[in-house]
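In this text, residue positions in the sequence shown follow the working numbering: the first is 248, and each later residue adds one.
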Amino acid sequence: MEQCKDIVDEKIGEIDRIITQLSLNDKIISLLKISNDFTGNEYYKLWEISKDLLPYTVSSDFMKYMFLYFRNSNVILSPVWGSYKLNVFFENTVKHDKITYEDWSVNISDKNIIKKVLPSLMLKFVNEEKPMLTYIHRITCNNPVNDGKIIVFIDNSQINKLLSRINLDGGGWISVLDAEGVPLINAGKIPTELSDFNFLHNYFSARKGYFEHNFIDSKMFVTYTTSSYNGWIYIAAVPKNIIMAKVAHVKRITIILTFLYLVSGLIIAYLLAYRNTKPVKGLIEKIKSIFSENFQNGKNEYEIIESTISRIVSKNEQLYQIIENQKPILKSAFIKRLINGEFSNMDELNAFMLNADIMLANGKFLVVILQITGYGEIIDDSILKELNKARAIISNIEIENKILSYDLNEKSIVLIFRYGEHDLDEKIKEHCEQTIKILNEKLITYYNIKCIFAFGDICNSILDIYSSYNKAYITMDAIKVKNYVRNNKSSNLGNDVNMLFDAVSVNGNNDSDAINGEEIPLISWYEEIPDKISAYFYPEKIEKRIIKLVKAGEVLELEKVLQYIYYENFSRRNLDKAELDNFLNELNNTYIKTRHTLNLLEDVSMDRKFEEITDIKNSINKIELFYKIQHRFVELCRKADEERKERNNELSKRIIEYIDSNYSNPNLSLQMMADYFGLNDVYMSRFFKKHIGENFSVYLEKVRIKKAAYMLRKQNYSIDTISKMVGYNNAVSFRRAFKKVIGANPSEYKMKI
């Protein structure tokens, strides 16, 4: 009904706009002023006006006929049938039992009526008779006395066509009232008591609404709406039983549809739940297999998962706390390996630094050994407590440029200093000495702790810190020997420095005593130690480092270590033939030991470049002999490196073949692959990244998507089927991965090919 009202308002509005345009027509205005009968000239104007009216009559299907009434001359003009006197027009067209000429003409001729609609009447035009509404609208010129009317006849069928959209089954009816409540059009069976609609006005309290009313025949449900354009009231009444029957029908349909939706929803929900809980059930089975001894039956799946996650989180927190507690131990173990030269390359060193939560940038490094003095040789519980306290104090003091410290023993602390790559060595030495003097002053002034300091040499790489430490260690060793000589002047000392170091400790009570008029200095540098040392240099940690570097295939680092021990034994020390023979024998034995520990014995036994050197004592040129042994080491290291690379390449090939054979397994993981090859998963992850070139998960994803793309091109499988064939549990993950790798969705990719 609202739509019907809006359409009628629009059509009436069109008529009003046409009337407004005609009101501005100069020809019409000129004829409105003529009060006498029209003459020949005026009739010519009437003919011209009728021509002007004709297009308007065909412009609107709502407007059946249009007439122009000139009040002063009492003439009515039709664009089709010409002009008539008003009474003649009434007799031929409008005459009806329900209305007289006087009653009808007063609505036409009354100049006070501006706009009015007459109720529906049966009107006859030529041989056509049908009910129509008469729409009267005044046109005026500048003189209100001279006016006229435009009369439009609206075909009831046009409005009834709109009203017919409203279902009137079961005795319903429709009525359209004008703004004064006069019925204009009725449709359906109007109740007998509705000869006058005025009593219904009490119900029209709003612009639109509905109400119930008991008519004589039946109880009706009445709805109404009011036009905001012309005030017409549109009323529709339907028997209440018809409404309730429709409501009951809608209710039944709603209940049936709701039931069907619920049933189908339950079925779909069950299927989706089954599909989505399948991975959950698989997860529960895994939990049962892993936590079989602590698994609790009787709980639902989500409680099991929640309790398992809580248990894992709790254990992880405990593990994290254990790791945090282990960090000082890990740090000490790292520093110990660092100063002993147990790292063969930067990758290994970086891995251990990360594990110990230590960050060391490259640069220049200097190792200083701090020795607490004043406690003599006797050690008991109280002295150990004092020494522990002293070491704790020293470790907690902020020392400029110090990056690491390590408790070497109860009296000694290793301090590692770092400087910039471009810092000058002299500036580093000067700055470090000043820093140590400030530290010593603090220790004496505030804590009464006396120390001496042994400096190594400046090194240019983290991997060479062991060299600086060895030199600091030798320097401290020399200080102890000097102190031992001072305290045992009458003894037969001999030349073995290592024997002296094992036999003595610093006697703090005599630190300030003089030897030949000289005091033991606070700071001693490695370069200040006398050159003429008669014992050869080949400590056990150097031997271990050589063996480790050969096994790792690190040729450059191996050559650096061999040149270091060459400098110590051939350049810096004054060794006799017997000491050189002992040194070269030790070095050659290390070579033999290394060769036997490697799995290269069959390969090297037939190659002369790996043969053992046996006649060391009879060799005259010891330097040449050293270089022969060095050459053996380097060749062995290269051979080990080749073998290692072959093994790594073979393992890489086997890993790729394994992935190509098992990519369709949705459970394929790094752990599963590591277990297959008998390797640790962390090692497998690093090996994969280093030798394959990318992370395992990225590589596996690319393999799977590459296989899927081939299937989309060559085989006629659905996308869901292909996703399962290449190892994805669901199509959503597959589509996301395909988009990431290929740059297009599987559907788009399939359409392009």
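Think of the CB as a built atom: it goes at the ideal place given N, C-alpha and C, for glycine as much as any other residue.
Which of the three DSSP states, helix, strand or coil, is assigned to residue i?
i: R665; result: strand
i: T470; result: strand
i: Y316; result: strand
i: I421; result: strand
i: Y331; result: strand
i: Q618; result: strand
i: N488; result: helix
i: K408; result: helix
i: I432; result: strand
i: K363; result: strand
i: N821; result: coil
i: K658; result: coil
i: I281; result: coil
i: N523; result: helix
i: D263; result: helix
i: K345; result: coil
i: Y517; result: helix
i: I413; result: coil
i: N461; result: strand
i: S759; result: Residue confidence for S759 is low, a pLDDT of 39 falling below 50, so the modelled location carries little weight and cannot support an answer.
i: A637; result: helix
Tell me, please, which residues DSSP counts as bridged to residue i.
i: P378; result: M369
i: K455; result: T472
i: H938; result: According to DSSP, which records beta bridges pairwise, H938 is partnered with nothing at all.
i: F702; result: V615, W772
i: V399; result: M313, Y382
i: H678; result: Answer is none; H678 lacks a bridge partner.
Tell me which residues share the same chain as residue i and place their Cβ nearer than 8 Å to its Cβ, disregarding the 5 neighbours each side in the sequence.
i: Y290; result: S330
i: P786; result: N717
i: I989; result: I952, A956, Y996
i: F880; result: I793, V797, L805, L809, Y838, T841
Looking at residue i: is its Cβ nearer than 9 Å to the Cβ of residue j?
i: N717; j: G703; result: yes
i: Q877; j: Y813; result: yes
i: T841; j: L872; result: no
i: D828; j: K875; result: no
i: I663; j: V614; result: yes
i: L315; j: I397; result: yes
i: N909; j: H938; result: no
i: V973; j: I906; result: no
i: E249; j: K493; result: no
i: D256; j: S475; result: yes
i: I691; j: L655; result: no
i: L324; j: L293; result: yes
i: R982; j: I966; result: yes
i: N587; j: Y693; result: no
i: F581; j: A608; result: no
i: T239; j: L365; result: For residue 239 there is no data in the structure shown, the boundaries of the chain being 248 and 1000.
i: M313; j: L300; result: yes
i: Y773; j: F830; result: no
Quick one: give me the first and last residue of the beta strand (DSSP E) that residue i is part of.
i: L651; result: 649-654
i: F590; result: Counting along the chain, F590 falls outside any beta strand (DSSP E), and DSSP gives it neither H nor E.
i: A426; result: No beta strand (DSSP E) contains A426, which DSSP labels as neither H nor E.
By the DSSP assignment, the alpha helix (DSSP H) with residue i in it spans what residues?
i: W351; result: 348-356
i: L324; result: Taken as a continuous stretch (DSSP letters only), L324 belongs to no alpha helix (DSSP H), being part of the beta strand (DSSP E) at 322-325.
i: L898; result: 869-909
i: A603; result: Per DSSP, A603 belongs to no alpha helix (DSSP H) and is neither H nor E.
i: S307; result: Careful: S307 lies outside any alpha helix (DSSP H) and carries neither H nor E.
i: Y838; result: 824-844
i: E645; result: First-last for E645: undefined, no H or E at that position.
i: V802; result: 802-813
i: D627; result: Per DSSP, D627 belongs to no alpha helix (DSSP H) and is neither H nor E.
i: D922; result: 917-924
i: T340; result: Where T340 is concerned, there is no enclosing alpha helix (DSSP H), given that its DSSP letter is neither H nor E.
i: P993; result: 993-999
In its own chain, which residues sit with a C-beta less than 6 Å from the C-beta of residue i, not counting the 5 before and 5 after it?
i: S422; result: P430, N433, I482
i: S270; result: I386
i: V485; result: G419, F468
i: A1002; result: The question about residue 1002 has no answer here: the residues shown for the chain are numbered 248 through 1000.
Could you check whether the Cβ of residue i sits closer than 8 Å to any heavy atom belonging to the ligand SAM?
i: F784; result: Ligands in the displayed structure: none, and consequently the ligand SAM is not present.
Looking only at its own chain, which residues have a Cβ that is under 7 Å from the Cβ of residue i, when we skip the five neighbours before and after it?
i: L634; result: I619, Y622, E657, K658
i: K997; result: L959
i: N707; result: K611
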